[in-house]
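Presented below is the structure to which this report refers.
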Amino acid sequence: MVFCGKPSKGCGECRSRKIRCDQGRPTCSQCTKGNRACPGYRDELSLMFRDESQQVVRKAKTGSSGRRSKKKQPAAAVPKPSPPLSELRSSSTSSPEASSAGKASPSTSIQSPSGNTSTDISEYNDIDEVQLINGDQLQAQDLAYQPWKVQPSWKLTVDEAVNYFLRHNVWPGEIFMVNFELKSPGHPSATPSEQAQVAALVSVGTAMLSRVRRSKELELAAEREYGHALTLLTRAVCNEKESKANQTLSAVLLLAIFEVITSRSIMSIEKWTNHIKGAAALLELRGPEHLQSEEGLKLFVQLRFQIITSCLQRGMAVPESLLECTKIAMYLRPQIDAYCDRLICIAGRLSNLRAGIIHSKSLTDANETLSAAYAVEAELLAWVAAGPPDFLYKTYDCSSVEEWVKMFGYKPFPYNKQYHVYRDLWICHTWNQYRCARIIVCEIILSCLRRLSAASPTMAMSKELQNHCARIRNVTRELASDICASVAYHLGVEGAPGSAFTVPTNYCYVGGMLLLWPLTLAGGTEPIDHPLRVWIRKCLRLIGHSIGIDQALALIDVLESEAGVFEGMEETEDGVIFRASGDASAYNRILIGTWNI
1 MVFCGKPSKG CGECRSRKIR CDQGRPTCSQ CTKGNRACPG YRDELSLMFR
51 DESQQVVRKA KTGSSGRRSK KKQPAAAVPK PSPPLSELRS SSTSSPEASS
101 AGKASPSTSI QSPSGNTSTD ISEYNDIDEV QLINGDQLQA QDLAYQPWKV
151 QPSWKLTVDE AVNYFLRHNV WPGEIFMVNF ELKSPGHPSA TPSEQAQVAA
201 LVSVGTAMLS RVRRSKELEL AAEREYGHAL TLLTRAVCNE KESKANQTLS
251 AVLLLAIFEV ITSRSIMSIE KWTNHIKGAA ALLELRGPEH LQSEEGLKLF
301 VQLRFQIITS CLQRGMAVPE SLLECTKIAM YLRPQIDAYC DRLICIAGRL
351 SNLRAGIIHS KSLTDANETL SAAYAVEAEL LAWVAAGPPD FLYKTYDCSS
401 VEEWVKMFGY KPFPYNKQYH VYRDLWICHT WNQYRCARII VCEIILSCLR
451 RLSAASPTMA MSKELQNHCA RIRNVTRELA SDICASVAYH LGVEGAPGSA
501 FTVPTNYCYV GGMLLLWPLT LAGGTEPIDH PLRVWIRKCL RLIGHSIGID
551 QALALIDVLE SEAGVFEGME ETEDGVIFRA SGDASAYNRI LIGTWNI
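Number 191 in the UniProt record's numbering belongs to position 191 of the sequence shown; there are no gaps in the numbering.
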């Protein structure tokens, strides 16, 4: 098969007229505007590769009289490809002496028959043609070049697993490219932390590929690599110096991502939580001095979000060391990033407030808790009011499913027929962090008012209180709808043609992971059979089956079984009134309310 270059994606009419085609489906806009019949589009794959086997055979049979060949040149050195995963594990358990006594290292070269070795592979470019010869000619001629002795293998290699992860995780993947050198766990110079990092990378990449290829064999291989990575990580953590290395912390982050990819049940979500607890302990051990390096700062930013998400979900307090490091990071990052760090500080205080109610039971006075919740809400409102211009987003309307499919294919049709487009994925993610924080604050405020009204029948009958609660409940609905409107951008929907508001397609995998917590929280604002929750379950099903993130399937079970956090309230024409008895959300395991009477 011969690669023929990337062909034009335009329709036949636009290519013949040599004009730009917008590749609309089923017909492009150029043909529609010109009232011309759009002939459709070509099969790109068949154009990019052409089978020329018969042509090569025909040329070989006609002889080589018209062919010219240049002077024989020494063969270039051929690097050894990365080993299959099974060989990687076996090499990591071998001794250094065995590695250096005759086994090929990654720098081993393959020499030509003449014994010459070259390191410049560009010498192959001087060959005009390669003749096809039969067996008799092969014995008669003194060939300068021989086929490579290293033949392609169908087994998954370390390089393939690592490259697949980095290709589809551009945003967090850049962390592992800072001063990163891929060393197999059996490499003589690999430190314990580097061994753990590579093994974790391989396990995550293999898990991702197993979902894409729907391969049970790769799924089992990913689990074996995960166990191998855990063993190596344990060795690194037991070493005082290695436990503070960036590679150790990145290995913990990678294993947490592995759990997100492979967790299909509610019980398995706890495994992700355990990795996040370990990451928090490592951050505290490392101290703020590790924020001075570029890699250390990026690792801290990535893990910080997951730690706070885990604390908010479980009703636990955020470690004080993390909040202190966040304040330091504000002075080490650009202005727009420092603006995001302010939100993280507010979310940390919110998590500690919620922990005081749910976990430690240190906050039992409803009036005191209500004042603290209103203070956090005021901070959130002040934060969003001071937002820089880059944080603005655009809202688009889509009137019909047919129009949506024509523009963006079969991505989820927007809830309420509206979707947002942001300047980049980080800004979109920050907005959803703000929306999640506001929803939690509103839930705490309504829980406090519910408890106070239960103790005072006069207060419960107040029209002002009912209207105030109705306004807060409407705010939660608006925030949940905004989270749903961000789904399209997370999954690769761009703005208008030529707009700067775009998202690369290789960010869609990261976008799917970032959507899990906001979508689950948004679904928890409504009852099980509400249209919003039904729509969110469809989105999670797409993320789980199409993108390959299994934790989305576990969260579908949550949204199908657990009650909404606001089901203890009843909406009337006059406003919101509270039910006298507790509601079904008291039995929730993931969608945990603040107080249940």
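Heads up, the beta-carbon is just placed ideally off N, CA and C, and yes, glycines get one too.
DSSP state of residue i mapped onto helix, strand, coil
i	result
Val-558	helix
Gln-23	coil
Gly-205	helix
Lys-9	coil
Tyr-164	helix
Thr-157	strand
Asp-390	helix
residue 602	Nothing about residue 602 can be reported from this structure: the residues present for the chain run from 1 to 597 only.
Gly-349	Strictly speaking, residue 349 in this sequence is Arg, with Gly absent from that position. Looking at Arg-349 - three-state DSSP - the assignment turns out to be helix.
Lys-512	As written in the sequence, residue 512 is Gly, which differs from the Lys given in the question. Correct three-state label for Gly-512: helix.
Met-316	coil
Tyr-331	coil
Asn-169	coil
Ser-321	helix
Ser-16	helix
Ile-308	helix
Gly-278	helix
His-359	coil
Ala-190	coil
Thr-326	helix
Ile-592	coil
Lys-463	helix
Ala-586	helix
Ile-472	helix
Ala-563	coil
Ile-549	coil
Sequence-distant residues of its chain with Cβ nearer than 7 Å to residue i (five each side left out)
i	result
Phe-391	Ile-427
Gly-564	Gly-524, Thr-525, Glu-526, Pro-527, Ser-585
Pro-388	Ile-336, Tyr-339
Val-212	Gly-548
Ser-481	Tyr-415, Asn-416
Ile-344	Arg-304, Ile-308, Thr-326
Ala-366	Cys-448, Arg-451, Leu-452
Arg-235	Pro-192
Tyr-164	Gly-205, Met-208, Leu-209
Same chain only: Cβ atoms within 8 Å of residue i, ignoring 5 sequence neighbours per side
i	result
residue 598	Summary: the structure shown does not reach residue 598, with the chain confined to residues 1 through 597, and so no result is reported for it.
Ser-360	Ala-317
Asn-346	According to the sequence shown, residue 346 is Ile rather than Asn. Only Val-376, Glu-379, Leu-380, Trp-383, Ala-437 meet the Cβ criterion.
Lys-406	Gly-24, Arg-25, Pro-26
Arg-537	Gly-523, Ile-556, Leu-559, Glu-560
Ala-554	Ser-263, Arg-264, Ser-265, Ile-266, Ser-268, Ile-269
Ala-256	Trp-272, His-275, Ile-276, Ala-279, Gln-306
Beta-bridge partners of residue i, as assigned by DSSP
i	result
Met-569	Phe-578
N- and C-terminal bounds of the beta strand (DSSP E) containing residue i
i	result
Thr-395	394-397
Val-493	Counting along the chain, Val-493 falls outside any beta strand (DSSP E), and DSSP gives it neither H nor E.
Extent of the continuous alpha helix (DSSP H) run through residue i
i	result
Tyr-489	487-490
Leu-446	425-455
Pro-39	Neither: Pro-39 is in no alpha helix (DSSP H) and is coded neither H nor E.
Thr-234	216-238
Glu-385	The residue you asked about is not Glu; residue 385 is Ala in the sequence shown. 366-385 is the span of the alpha helix (DSSP H), which, as asked, contains Ala-385.
Asn-246	246-262
Ser-268	Where Ser-268 is concerned, there is no enclosing alpha helix (DSSP H), given that its DSSP letter is neither H nor E.
Gln-292	Counting along the chain, Gln-292 falls outside any alpha helix (DSSP H), and DSSP gives it neither H nor E.
Ser-29	29-33
Leu-542	531-542
Contact set for residue i: own chain, Cβ-Cβ below 6 Å, skip 5 residues either direction
i	result
Tyr-41	Cys-11
Ala-280	Ile-307, Pro-319
Leu-532	Glu-526
Leu-514	His-429
Ser-310	Thr-273, Ile-276
His-490	Gly-511, Leu-515
Ala-245	Ser-193
Proximity test, Cβ basis, 7 Å: residue i and chain C
i	result
Val-401	Within the model displayed, chain C is absent; a lone protein chain is all it includes.
- Item | Ranges of the beta strand (DSSP E) found wholly within the stretch 395-421, counting only runs of at least 3 | 418-421
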